[in-house]
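Residue numbers (the working numbering): 15 to 131.
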Amino acid sequence: MTFPEWTKPGVYGAFVGAVAVSIIGFSWGGWTTAGGAQEMADNFAAEQVTLAMVPVCLGLSEADAERASILATLQEASSFQRRTAMMETGWATMPGADAPSRDLASACLAELELDGS
C-alpha cells in the first residue's frame, strides 16, 4: 500500500507534536506516572500518620513519672543528638511497633518546644 507524498509531513508533524506534548506535560504540566503517584501517596500517608501520632507521643511524655529528668536530658543534648535521645525515651514508639520512629521523634520534639528547637 502506498501513501500519497503529502501525508509524510503530516505524520512527521504528528509524531514530533506527540513527543513535544509528552515532554512538556511530564516536565511542566504536572503529569506523573503511576509509580510516581504511588510514591507521593505513600509519603503523604506516612506524614499524616506521624502527625496523627504526635498527641500520643505527648501523652506518653506527660504520663511518664520521669518526665522532668528526661526533658532535662533532652535539653542538655545537642540538636543533633536530641532525636536519638527522644527515641531512647520510648515516647516515639508507635503503638504496636517494636522500634521507635525517627519521624515521630522529630515531630514530638518540635511540639515539646525545648528551648526554641
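Backbone N, C-alpha and C define an ideal beta-carbon position, used for all residues, glycine too. For clarity, every value in this text was computed on a predicted model and none was experimentally measured.
Please report the straight-line C-alpha distance between residue i and residue j, rounded to a whole angstrom.
i, j, result
"residue 84", "residue 52", "39 Å"
"residue 76", "residue 116", "20 Å"
"residue 79", "residue 103", "12 Å"
"residue 111", "residue 44", "36 Å"
"residue 46", "residue 21", "33 Å"
Which of helix, strand or coil does DSSP assign to residue i?
i, result
"residue 112", "coil"
"residue 128", "coil"
"residue 89", "helix"
"residue 98", "helix"
"residue 16", "coil"
"residue 80", "coil"
"residue 44", "coil"
"residue 107", "coil"
By alpha-carbon positions, which one of the options ends up nearest to residue i?
i, options, result
"residue 66", "55, 90, 41 and 109", "109"
"residue 73", "15, 122 and 19", "122"
"residue 118", "87, 62 and 82", "62"
"residue 120", "50, 23 and 99", "99"
Excluding sequence positions up to five away, which residues of its chain have a Cβ less than 6 Å from the Cβ of residue i?
i, result
"residue 114", "101, 106 and 107"
Measuring from the CB of residue i, is there a heavy atom of the ligand PLP at a distance below 7 Å?
i, result
"residue 45", "Because no ligand of any kind appears in the structure shown, any question about the ligand PLP cannot be addressed here."
Leaving out five residues before and five after residue i in sequence, what residues of the same chain have Cβ atoms less than 7 Å from its Cβ?
i, result
"residue 125", "68 and 72"
Residues in its own chain within less than 8 Å of residue i by CB, not counting five upstream and five downstream?
i, result
"residue 87", "99"
"residue 96", "88, 123, 128 and 131"
message = Tell me whether the segment 35-44 and the segment 89-101 touch, counting them as touching only if at least three CB pairs, one residue from each stretch, are closer than 8 Å.
response = no
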